[in-house]
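To convert, note that position 93 of the sequence shown is 93 in the numbering used here; the numbers rise steadily by one, no gaps. Cβ coordinates follow ideal geometry from the N, Cα and C atoms, glycine included. A quick note: this is a predicted structure, and the numbers were derived from the prediction, not measured. Here is the structure we will look at.
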Amino acid sequence: MSVLRVITCSTLLAVLAGNAQVASAVEILRWERLPLAIPLRINQERIVFVDQNVRVGLPRSLTEKLRVQSTGGAIYLFAKEAIEPTRLQLQNAKTGEIILVDIAATEAPADQTALEPVKIVDGETSSARYGGAATARSGKPSTASPEETSRSKVED
1 MSVLRVITCS TLLAVLAGNA QVASAVEILR WERLPLAIPL RINQERIVFV DQNVRVGLPR
61 SLTEKLRVQS TGGAIYLFAK EAIEPTRLQL QNAKTGEIIL VDIAATEAPA DQTALEPVKI
121 VDGETSSARY GGAATARSGK PSTASPEETS RSKVED
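Below, the structure written as structure tokens:
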């Protein structure tokens, strides 16, 4: 009976190993109002997940060099040839908000695997509020008055 168990267990493991899928990583980029660098490889598609419907604005110089498809919050970029560093604008279809993306396409090294997909998420940006307390990155209101924060204190 123990021989039968060993055969059954080894068969089960072989079946499970055959059905195992390789998980791919996703590179997370935080949009904090600074352009995001997304490198591309020639003749390799790179997917950018934005989780919102966006329109992609690109210079005319890229129309023959770069295939761009945008659907359902995913952007598919395929470089047909080398591309010098160039800025793209991703515009939210609902709000009009723009995310800046810098791309460049180079030849892939022979031993390099395809680049992983990219996901752009909202970062923690702080903005000054006119007429109210500024909020720091921690989300806690500042207790200093505007005069104290805008000039340095001199100690005696």
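Legend entry - 8 Å Cβ cutoff met for Gly123 and Trp31: Position 123 of the sequence shown, counted from the first residue, corresponds to residue 123. Position 31 of the sequence shown, counted from the first residue, corresponds to residue 31. Cβ atoms of Gly123 and Trp31: closer than 8 Å.
Legend entry - Segments of 3+ residues assigned as beta strand (DSSP E) that fall wholly inside the stretch 38 to 73: Listed in chain order, the complete beta strand (DSSP E) runs (minimum 3 residues) inside the stretch 38 to 73 are 45 to 49, 54 to 57, 66 to 71.
Inset, instruction - Please report how far the alpha carbon of Arg87 lies from the alpha carbon of Lys119, in whole angstroms. - result: As a first step, residue 87 must be located in the sequence shown, where it is residue number 87. As a first step, residue 119 must be located in the sequence shown, where it is residue number 119. So the alpha carbons of these two residues sit roughly 17 Å apart.
Legend entry - Continuous beta strand (DSSP E) stretch holding Pro85: start and end: Translated into positions along the sequence shown, residue 85 becomes position 85. That run of the beta strand (DSSP E) goes 83 to 92.
Inset, instruction - Would you check if the distance between the CB atom of Ala93 and the CB atom of Arg55 is smaller than 8 Å? - result: Along the sequence shown, one-based indexing puts residue 93 at 93. Along the sequence shown, one-based indexing puts residue 55 at 55. Yes. Within cutoff.
Inset, instruction - Provide the residue span of the beta strand (DSSP E) that contains Ile34, from first to last. - result: In the sequence shown, residue 34 corresponds to position 34, counting from 1. Note that residue 34 is Leu in the sequence shown, not Ile. Leu34 -> no beta strand (DSSP E), and no H or E assigned at all.
Inset, instruction - Under 8 Å by Cβ, that's how I've got Ile42 and Glu107 pegged, so tell me the actual separation to the nearest angstrom. - result: Walking along the sequence shown from the start, residue 42 turns up at place 42. Walking along the sequence shown from the start, residue 107 turns up at place 107. Indeed they touch by this definition, with Cβ atoms about 5 Å apart.
Inset, instruction - From the DSSP output, read off the bridge partner residues of Leu100. - result: Within the sequence shown, numbered from 1, the residue matching residue 100 stands at position 100. Answer is Gln89, bridged to Leu100.
Inset, instruction - Tell me whether Lys80 sits in a helix, a strand or coil according to DSSP, three-state version. - result: Along the sequence shown, read from residue 1 onward, the residue named residue 80 stands at position 80. Annotated three-state conformation of Lys80 is coil, per DSSP.
Inset, instruction - Hey, could you find the ends of the beta strand (DSSP E) Asp122 is sitting in? - result: One-based indexing of the sequence shown puts residue 122 at position 122. In the DSSP assignment, Asp122 falls within the beta strand (DSSP E) that extends over 118 to 122.
Legend entry - Other residues of its chain near Gly73: CB distance less than 7 Å, five sequence neighbours each side excluded: Residue mapping note: residue 73 aligns to position 73 of the sequence shown, counting from 1. The residues are Phe49, Val50, Asp51, Gln52, Asn53.
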